[in-house]
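Novice: Quick one: structure below, then a few questions.
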Amino acid sequence: MDFVLNLIHQSQTIPFRQGVKFNNYNIVCIISVCAYILALLINGTIGVKTAKSTSDSYKLVVTPPPWAFSIWGIIFSTTLVALLWSIHSVSWSLETHLYFWLYCFTISVWILLWAIVSKITILLCKIVLILLTINIYLLWKSTLVLENDDWSIYLMRGAIAFQLGWTSSAQCLNFCICLVHVFGVTQDMISKLIWVCIVVAHSIYLSLAYCHSKQYNKNMLLNFGGYLLSMTWAIMGVAISYNNYSSGKAINKQK
2 MDFVLNLIHQ SQTIPFRQGV KFNNYNIVCI ISVCAYILAL LINGTIGVKT
52 AKSTSDSYKL VVTPPPWAFS IWGIIFSTTL VALLWSIHSV SWSLETHLYF
102 WLYCFTISVW ILLWAIVSKI TILLCKIVLI LLTINIYLLW KSTLVLENDD
152 WSIYLMRGAI AFQLGWTSSA QCLNFCICLV HVFGVTQDMI SKLIWVCIVV
202 AHSIYLSLAY CHSKQYNKNM LLNFGGYLLS MTWAIMGVAI SYNNYSSGKA
252 INKQK
């Protein structure tokens, strides 16, 4: 614990110089890699085995088709590449590594809670998912201090933003799941409310990214474009399910 507290203090008091290793750099990198591997193992075992059964239990009329969730493979792959490249190029500050540790922890907790079907765990999932999205954004923001930007830095920030776009959308679905399976809101109401949630959630992070990009004099599209890609992917999945639901209602009315 003292080691972690010392690192937190160091991250706040000692300026980071891009390309220059800070104190305990090798140890910090080893912990980051181990944290990622642990999160990947939890997702690859518990997450993969329980994802479909849990999703079926919490099914919404706007839940994206199964193929939409294949994006997780891209997310974990690009995250690994970003991590390894940042270690090689010394482009993550100590603060960024600490946020990454927290990211690995929160996503692991979310996966473990998602595997348990109950009203309490779905509420806890919502809380953890909010913390996860905030943490991913702070992880992305912490990389804006880098001054020597090149294509590798843009791709690294894009990989983080890509995950944020998807988890922000997942947060909307998780909120709707709570409303239906905990508070008894109808599926028909959710088919309309989901769009309000999507607009609010994405407006928040897009606005924050715009403000912080201006603050650090960065090109938002180059550094946050990955968010738009995964956001579009998620919205497309929701739109397809919504269209199928609406078409089914129209057919039933005609009958």
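When you number the sequence shown by the working numbering, it's gap-free, plus one each residue, and the end is 256. Ideal Cβ positions, reconstructed from N, Cα and C, are used throughout, including at glycine. The model shown is predicted, which means the values in this text are computed figures rather than measured ones.
Could you give the C-beta distance for S192 and V63, rounded to a whole number, given that I count them as a contact under 8 angstroms?
Specialist: Sure, about 6 angstroms apart at Cβ, within 8 angstroms.
Novice: Check L8 in the structure and name its three-state DSSP category.
Specialist: The answer is helix: DSSP assigns L8 an H, G or I state.
Novice: Evaluate Y243 with the Cβ neighbour count: other Cβ atoms within 10 Å of its Cβ, from every protein chain shown; 16 or more gives buried, anything less gives exposed.
Specialist: Buried, since its Cβ has 16 or more Cβ neighbours within 10 Å.
Novice: Nearest CA to the CA of A36: which residue from A160, F77 and I178?
Specialist: With distances taken between Cα atoms, A36 lies closest to F77.
Novice: From Y59 to V82, what distance separates their C-alpha atoms?
Specialist: So the alpha carbons of these two residues sit roughly 33 angstroms apart.
Novice: Provide the residue span of the alpha helix (DSSP H) that contains K193, from first to last.
Specialist: Counting along the chain, the alpha helix (DSSP H) containing K193 begins and ends at Q188 to Q216.
Novice: With DSSP run on the structure shown, which of helix, strand or coil describes T80?
Specialist: T80 falls in the helix class under three-state DSSP.
Novice: By a C-beta neighbour count over all protein chains shown, 10 Å radius and 16 as the cutoff for buried, is G238 buried or exposed?
Specialist: Buried is the call here.
Novice: Can you list, in chain order, the residues of its chain with a C-beta nearer than 8 angstroms to that of K256? Leave out the 5 residues immediately preceding and following it.
Specialist: Low confidence applies to K256: its pLDDT is 49, below 50, so where it sits in the model is not reliable, and the reading given next is rough at best. Result list for K256: empty, nothing under 8 angstroms.
Novice: Ignore the nearest five residues each way along the sequence and tell me which others in T107's own chain have a CB closer than 8 angstroms to its CB.
Specialist: If we look at T107 and ignore the five residues flanking it on each side, its Cβ neighbours are V129, L132, L133 and N136.
Novice: Keeping to the same chain, check which residues put their C-beta closer than 8 angstroms to that of S153; ignore five residues upstream and five downstream.
Specialist: Excluding sequence neighbours, S153 sits near W86, S90 and S92.
Novice: Just to confirm my understanding: we take T97, look at its own chain, exclude 5 residues before and 5 after, and list those with CB closer than 8 angstroms. What are they?
Specialist: Counting only Cβ-Cβ distances below 8 angstroms, and skipping sequence neighbours, we find S87, L140, S143 and T144.
Novice: Using 9 angstroms as the threshold, is the C-beta distance between W123 and N44 below it?
Specialist: The residue asked about is misnamed: residue 123 is Ile in this sequence, not Trp. For I123 and N44, no; Cβs fall outside 9 angstroms.
Novice: Which value, in whole angstroms, describes the spacing of the CA atoms of Y104 and R18?
Specialist: Rounded to the nearest angstrom, the two C-alpha atoms are 23 angstroms apart.
Novice: Starting from the C-beta of Y138, find all residues in its chain whose C-beta is less than 7 angstroms away, skip the five residues before and the five after it, and write them out in chain order.
Specialist: L165, Y206 and L209.
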